[in-house]
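If you read the sequence shown in this note's numbering, its first letter stands for residue 1, the second for the next number, and so on. Every residue, glycine too, gets a C-beta built ideally from N, C-alpha and C.
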Amino acid sequence: MSIPRILFSFILLSAVSAPSYAQQRGRQREQQPEALALPVVPLTPQQIEVITKQLVDVEKQILEMRNSSLTSIMAKLRSAVASEAAALNFHLDCEKLVNIERKDLAKTEERDRKEQMERQAERRKDGNEEDQGDLGAAAKLQIEYLLLTLEAHETKAEDRTKLLPKLQAYIQKVVASADKLKGRAGQTLGRDLGGSVIVDALQIRRFVSADGWTTNPLNLGAMWNDTILPIYLADGRKEELSAQWDARLSAETILNKARMPEPEFMIWGQQELPPMKWQRAKYLVANGPSPVNALADMLNHIKAYPGHPDAPQWLEELRSAVGAAAPSGGAPATPTGTGG
């Protein structure tokens, strides 16, 4: 397997843990100070040649050290996803490292914290906590998505297509595991990777990010919006956009039905699903192979959900779209398939 481009800096070799990512900024990205521009320093041709040669040598050394760190960390993560039990144990080990071993605790406090974590671990493994879901399954999926996210971080945007099959396979695993992701298990998987104790333990928080890639392992909608749909669109696969939207709606419906109490799921289906279907139709008007058919879908959608709180807004949006398409001085064209 080829080694990805530069990922990790020398911070990986540090034994000092930074403060909790979640405590620092919740789900927002850290604000980096503006880099100061270096002044122009006059150099002789000989000085430029000497410095350039040394930079080449240093770059080679940096690449070797960082690739070594990458190989080691990726190997740990791949070992951790060998099974749900291995993933859960790895997660617990990271919790102990971050919350006990790296803390300056008094002996009594350290003993109490260890005992508390051990009791929690036993309850997790035995499934004694009501509605907690399968924490082993959640831990395994979290680590699998972390591996994918690190790959995305190291992949140029124009090369992101090669990660598409892996991302789609991950989504299929999440949907297949929907029944296991209730309660605490779903809450654990639904946290941003930046707040994961695994990321803190490995000291890779600054590298868990990528443009056009969500860092929430349970946000299926963002996976389609940020990554999958843009890739299909950029590749000129307009004919497949409708099917991808249908796949997204199906996946989110299955996941929510498995995780939510029946009354809550019914409310979701009545209040949250219709706006998603409306966004599908609007997206296909703008990007799909047949904007006229997508306009017809918008009209049929309003007819199907006239009592939805957003129906007046939908009506105005459709009127605006049809009015903009009308010939100057003529009547608006009627989308095909609407029944007039």
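Give the range of the alpha helix (DSSP H) segment to which residue i is assigned.
{"i": "L284", "result": "273-287"}
{"i": "P312", "result": "311-325"}
{"i": "K173", "result": "164-176"}
{"i": "Q142", "result": "135-153"}
{"i": "R184", "result": "183-189"}
{"i": "D200", "result": "197-202"}
{"i": "L233", "result": "229-234"}
Would you mind sorting residue i into buried or exposed? The rule is 16 or more other CB atoms within 10 Å of its CB.
{"i": "K140", "result": "buried"}
{"i": "R25", "result": "Caution is warranted here: a pLDDT of 40 is assigned to R25, below 50, making its placement in the model unreliable, and no coordinate value can be reported."}
{"i": "E158", "result": "exposed"}
{"i": "L36", "result": "exposed"}
{"i": "A304", "result": "exposed"}
{"i": "N128", "result": "Any answer about N128 is weak, because its pLDDT of 43 lies below 50 and its placement is not dependable; what the coordinates show is given next. It counts as exposed."}
{"i": "Q61", "result": "exposed"}
{"i": "E262", "result": "exposed"}
{"i": "L353", "result": "A query on residue 353 cannot be resolved here, the shown segment of the chain reaching from 1 to 340 and no further."}
{"i": "L38", "result": "exposed"}
{"i": "L80", "result": "Before going further, note that residue 80 is Ala rather than Leu in the sequence given. When all chains shown are included, A80 counts as buried."}
{"i": "R259", "result": "buried"}
{"i": "A152", "result": "buried"}
{"i": "K180", "result": "buried"}
DSSP state of residue i, grouped into three classes?
{"i": "W213", "result": "coil"}
{"i": "P306", "result": "coil"}
{"i": "V41", "result": "coil"}
{"i": "K96", "result": "helix"}
{"i": "D246", "result": "helix"}
{"i": "N219", "result": "coil"}
{"i": "V81", "result": "coil"}
{"i": "M74", "result": "helix"}
{"i": "K103", "result": "coil"}
{"i": "P263", "result": "helix"}
{"i": "V208", "result": "coil"}
{"i": "L36", "result": "coil"}
{"i": "Q46", "result": "helix"}
{"i": "R160", "result": "helix"}
{"i": "S69", "result": "helix"}
{"i": "D192", "result": "coil"}
{"i": "Q270", "result": "helix"}
{"i": "Q24", "result": "Residue placement at Q24 cannot be trusted, given a pLDDT of 41 that sits under 50; what the coordinates show is reported in the next sentence. If DSSP states are grouped into helix, strand and coil, Q24 belongs with the helices."}
{"i": "K238", "result": "helix"}
{"i": "Q54", "result": "helix"}
Below 8 Å on the Cβ atoms is my contact criterion, and I expect residue i with residue j to pass it. Report the Cβ-Cβ distance as a whole number of Å.
{"i": "L167", "j": "T227", "result": "6 Å"}
{"i": "L255", "j": "A325", "result": "Incorrect: roughly 37 Å between the Cβ atoms, too far for contact."}
{"i": "Q244", "j": "L220", "result": "That pair is no contact at about 12 Å."}
Consider the Cβ of residue i: report whether some Cβ of chain D lies at a distance smaller than 9 Å.
{"i": "V175", "result": "Annotation note: the requested chain D is absent from the structure, which comprises a single protein chain."}
Are at least three pairs of beta-carbons, each pair with one atom in the stretch 199-219 and one in the stretch 282-290, less than 8 Å apart?
no
Count Cβ pairs between the stretch 88-99 and the stretch 165-185 that sit closer than 8 Å; are there 3 or more?
no
Specify whether the stretch 302-315 and the stretch 249-262 touch according to this definition: at least 3 beta carbon pairs, one from each stretch, less than 8 Å apart.
Touching, no, given that fewer than three Cβ pairs across the two stretches are closer than 8 Å.
The stretch 235-242 in contact with the stretch 283-303 per 3-pair CB rule at 8 Å:
yes
For the stretch 175-184 and the stretch 131-138, state whether three or more C-beta atom pairs, one from each stretch, are separated by less than 8 Å.
yes
With a threshold of 8 Å, are at least 3 pairs of Cβ atoms found where one atom belongs to the stretch 210-219 and the other to the stretch 294-305?
no
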